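S.K.:
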Amino acid sequence: MANRYSLWSLIKNGLKHHESWQPAWKSPQPKKNYDVIIVGGGGHGLATAYYLAKEHGIKNVAVLEKGYLGGGNTARNTTIIRSNYLWDEAAHLYEHGLKLWEGLSQDLNFNVMFSQRGVMNVGHTLQDMRDIERRANANLLNGVDAVVMTPQEIKDMVPLIDISHRTRYPIMGASFQPRGGVARHDAVAWGFARGASELGVDIIEQCEVTGLIIEGGRIKGVNTSRGDIMADRVGCVAAGNSSVLARMAGLRLPLESHPLQAFVSESMKPCIDTVVMSNAVHGYVSQSDKGELVIGAGIDSYLGYGQRGSPHVIEHTAAAIIEMFPSFSRVRMNRQWGGIVDVSPDACPIISKTRIKGLYFNCGWGTGGFKATPGSGNVFAHTIAHDDPHPLNRAFSLDRFATGHLIDEHGAAAVAH
Amino acid sequence: MLVITCPYCQEAREEEEFSYAGEAYIARPAVPEEVDDATWGDYVFHRKNPRGWHWEQWQHVAGCRKVFAVKRHTVSYEIAGSWTLADGKALYLEEQA
Chain A
26 MANRYSLWSL IKNGLKHHES WQPAWKSPQP KKNYDVIIVG GGGHGLATAY YLAKEHGIKN
86 VAVLEKGYLG GGNTARNTTI IRSNYLWDEA AHLYEHGLKL WEGLSQDLNF NVMFSQRGVM
146 NVGHTLQDMR DIERRANANL LNGVDAVVMT PQEIKDMVPL IDISHRTRYP IMGASFQPRG
206 GVARHDAVAW GFARGASELG VDIIEQCEVT GLIIEGGRIK GVNTSRGDIM ADRVGCVAAG
266 NSSVLARMAG LRLPLESHPL QAFVSESMKP CIDTVVMSNA VHGYVSQSDK GELVIGAGID
326 SYLGYGQRGS PHVIEHTAAA IIEMFPSFSR VRMNRQWGGI VDVSPDACPI ISKTRIKGLY
386 FNCGWGTGGF KATPGSGNVF AHTIAHDDPH PLNRAFSLDR FATGHLIDEH GAAAVAH
Chain B
783 MLVITCPYCQ EAREEEEFSY AGEAYIARPA VPEEVDDATW GDYVFHRKNP RGWHWEQWQH
843 VAGCRKVFAV KRHTVSYEIA GSWTLADGKA LYLEEQA
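Right under this line is the structure:
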């Protein structure tokens with residue numbers, strides 16, 4: 026790698042006053058033809074391009090991004106990574122992703138700041154605790170780490186949490202996945218972009234796909250704001266805008282795009298060194314390396330592409346966090362944002378071929394796509410390279426909505442969607 | 783915060799009084815037992831999910847509890863109007879034609 030990062034390169038560039046660093050990825054003009062086009066330059070799309078080049082030897086690849094890299098949901102999430110899903114298919118897929126996360130910084134030679142600080146899912150009712158026991162047992166059977174904790178064990182790990190009976194919904198226990206954690210969202214996009222670019226992938230920003238060129242049931246290329254670009258295989262990884270792309274191909278998807286909001290506080294001294302999520306009161310919180318509390322909400326109920334939601338959702342989430350952490354009540358919030366999440370009927374992704382030959386979709390990740398970034402790219406690259414799904418994503422095909430083989434993670438997963 | 787007018791109560795109220803109830807005017811296959819699985823799956827699960835104007839249902843849960851139709855833009859969140867389901871359907875069909 027021409028630009029390999031190491032202690033050596035840091036010292037060498039330091040001696041040159043850090044003025045000789047090269048751009049991490051190239052920004053070429055689009056060519057007329059590619060073997061594969063990936064529509065969408067977020068984490069999932071860039072990971073797909075990276076694994077296509079690295080594992081399948083397909084290097085004549087373009088990633089087309091209408092804005093800037095990682096500027097969509099990759100930059101608009103709460104960076105939580107876990108794999109404690111209930112059903113076998115989902116647990117295997119997310120666990121595949123988690124295993125890739127564990128070696129990702131070395132693999133990419135780029136520090137994605139993956140921190141396995143654990144993810145805790147607290148329960149507030151007897152039924153919550155039954156569900157937690159069931160899910161933890163299912164996780165253990167699937168080789169996913171899981172521990173069930175008592176309120177006192179929670180308090181020992183997170184001293185600021187209120188486990189008293191004074192609260193409206195007292196905490197009765199939790200599940201904990203020690204291998205879960207958080208990562209730096211931008212670094213994931215940048216690391217994959219750099220890795221893919223190094224292997225010969227063209228990363229083209231400010232290039233919006235405006236149409237799909239389809240002849241005789243086969244994909245031939247795409248119309249873009251920078252001219253037509255031809256390719257026999259096109260992979261769409263456009264999250265909230267997937268339905269818009271599908272319509273260009275005359276397809277309908279079982280997706281609804283909703284705003285999902287999150288917000289961060291002012292920086293504080295370290296006070297919480299794990300991720301705490303609550304399904305019942307509905308909020309999740311972790312602390313970033315900068316000391317900000319990163320707090321997430323539930324989706325806004327209505328359809329929305331506007332990357333913003335309604336204030337009462339923030340109010341509800343803040344109430345949930347203060348219920349668990351009364352000492353956060355006077356923390357000031359710094360920023361708030363909304364992303365567009367593509368929610369599928371069973372809260373599981375669609376990683377699938379379509380009835381148009383050579384056109385593939387990777388979408389429907391809904392509220393939990395960030396955690397799957399490397400895993401999603403890895404299996405989608407396999408699907409495109411072989412024109413056949415990877416064993417891990419075979420169950421996540423589009424036709425499950427006709428056959429009825431849904432993987433119902435709505436509510437079964439550790440947090441409500 | 784959306785401000786929605788209930789066509790029954792004839793009052794503009796904040797979104798918190800209402801519940802979103804999904805895409806409006808999804809036609810159920812006329813003879814369900816005769817359609818194939820793909821058509822039925824399309825009816826049950828697939829949605830228009832447009833980036834633009836969207837006909838949708840809202841329920842006035844904290845008021846009259848009636849369900850009605852709203853035409854709303856999914857990017858600007860602007861609301862073009864709200865109607866009873868029957869009145870809205872006539873307009874919707876006119877637009878589709």
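Each protein sequence line maps, in turn, to chains A and B. Those letters in the first sequence? Residues 26 to 442, per our numbering, in order. Those letters in the second sequence? Residues 783 to 879, per our numbering, in order. Virtual Cβ for every residue (Gly too), placed ideally from N, Cα, C. Nothing here was measured: the structure is a model prediction, and the numbers come from that model.
Could you name the residues of the segment 406 to 428 of chain A whose beta carbon sits closer than 9 Å to any beta carbon of chain B, in the order they occur along the chain?
M.R.: Against chain B - using a Cβ distance shorter than 9 Å - the residues of the segment 406 to 428 of chain A are 424, 425, 426, 427, 428.
S.K.: Using CA coordinates, which residue listed in 330/A, 350/A, 267/A, 161/A is at the minimum distance from residue 172/A?
M.R.: When each option's Cα is compared against that of residue 172/A, the closest is 161/A.
S.K.: Going along chain E in order, which residues have a C-beta closer than 8 Å to the C-beta of residue 336/A?
M.R.: Going by chain labels, chain E is absent from the structure shown, which instead holds the protein chains A and B.
S.K.: Tell me, which residues are paired with residue 382/A by DSSP?
M.R.: Its beta-bridge partners are 243/A.
S.K.: Taking 9 Å as the CB-CB cut-off, is residue 370/A touching chain B?
M.R.: Closer than 9 Å: yes.
S.K.: Check each candidate in 423/A, 169/A, 249/A, 400/A and name the one with the smallest Cα separation from residue 443/A.
M.R.: Residue 443/A falls outside the range modelled here, since chain A spans only 26 to 442, and no answer is possible.
S.K.: In chain order, which continuous runs of the beta strand (DSSP E) of length 3 or greater are located wholly inside the segment 268 to 313 of chain A?
M.R.: List check, beta strand (DSSP E) in window: 281 to 292, 300 to 303, 308 to 312.
S.K.: Who are the Cβ neighbours of residue 10/A in its own chain at under 8 Å, not counting the five residues just before and after it?
M.R.: Outside the shown range of chain A (26 to 442) lies residue 10/A, about which nothing can therefore be said.
S.K.: List in chain order: all unbroken beta strand (DSSP E) runs of 3+ residues lying wholly within the segment 171 to 214 of chain A.
M.R.: DSSP runs (the beta strand (DSSP E)) wholly in the segment 171 to 214 of chain A: 172 to 174, 198 to 202.
S.K.: By a C-beta neighbour count over all protein chains shown, 10 Å radius and 16 as the cutoff for buried, is residue 43/A buried or exposed?
M.R.: That one is exposed.
S.K.: Hey, out of 320/A, 385/A, 328/A, 363/A, whose CA is closest to residue 353/A's CA?
M.R.: It is 320/A whose Cα lies nearest to the Cα of residue 353/A.
S.K.: So the candidates are 52/A, 118/A, 78/A, 341/A; which of them puts its Cα closest to the Cα of residue 393/A?
M.R.: Minimum Cα distance to residue 393/A is reached at 118/A.
S.K.: As a quick exercise: from 300/A, 219/A, 274/A, pick the residue whose alpha carbon is nearest that of residue 260/A.
M.R.: If we check each option's Cα against that of residue 260/A, 274/A comes out closest.
S.K.: Tell whether a beta-carbon distance below 9 Å holds between residue 789/B and residue 850/B.
M.R.: It is a contact, given that the beta carbons lie within the stated cut-off.
S.K.: So, is residue 151/A buried or exposed, given that buried needs 16 or more other C-beta atoms within 10 angstroms?
M.R.: Label assigned to residue 151/A: exposed.
S.K.: Tell me the residue span of the alpha helix (DSSP H) that contains residue 54/A.
M.R.: It is not in any alpha helix (DSSP H) - residue 54/A carries neither H nor E in the DSSP assignment.
S.K.: Need the endpoints of the beta strand (DSSP E) that residue 91/A sits in, please.
M.R.: From DSSP, residue 91/A is part of no beta strand (DSSP E); its letter is neither H nor E.
S.K.: With DSSP collapsed to three states, give me the class of residue 165/A.
M.R.: Residue state, collapsed to three classes: helix.
S.K.: Reducing DSSP to helix, strand and coil, say where residue 59/A ends up.
M.R.: Reduced to three states, the DSSP call for residue 59/A is strand.
S.K.: When you compare the CB positions of residue 382/A and residue 422/A, do they come within less than 9 Å of one another, or not?
M.R.: Cβ distance not < 9 Å, so residue 382/A and residue 422/A don't count as in contact.
S.K.: Do three or more CB pairs link the segment 291 to 298 of chain A to the segment 330 to 340 of chain A at distances below 8 Å?
M.R.: These segments do not touch.
S.K.: Do residue 264/A and residue 97/A have their C-beta atoms within less than 9 Å of each other?
M.R.: Yes, the pair counts as a contact, with Cβ atoms nearer than the cut-off.
S.K.: From 286/A, 238/A, 311/A, pick the residue whose C-alpha is nearest to that of residue 325/A; which is it?
M.R.: For residue 325/A, the nearest C-alpha among the options comes from 286/A.
S.K.: Between the segment 852 to 869 of chain B and chain A, which residues of the former have CB atoms less than 8 Å from a CB of the latter, in chain order?
M.R.: Flagged, chain order: 854, 856, 857, 858, 859.
S.K.: So, is the C-beta of residue 829/B closer than 9 Å to a C-beta in chain A?
M.R.: So yes, residue 829/B belongs to the interface.
S.K.: Is there contact here, the segment 173 to 182 of chain A with the segment 62 to 70 of chain A, by at least three beta-carbon pairs under 8 Å?
M.R.: At 8 Å Cβ cutoff, the stretches do not touch.
S.K.: So, under 8 Å CB-CB, residue 134/A and residue 29/A are touching, yes? Tell me the CB distance rounded to an integer number of Å.
M.R.: Right, their Cβ atoms sit about 6 Å apart.
S.K.: If the cut is a Cβ gap below 9 Å, which residues of chain A does residue 812/B touch?
M.R.: The contacting residues do not exist; residue 812/B stays about 19 Å from chain A at best.
S.K.: Starting from the C-beta of residue 214/A, find all residues in its chain whose C-beta is less than 7 Å away, skip the five residues before and the five after it, and write them out in chain order.
M.R.: Correct list, in chain order: 67, 68, 71, 94, 95, 99.
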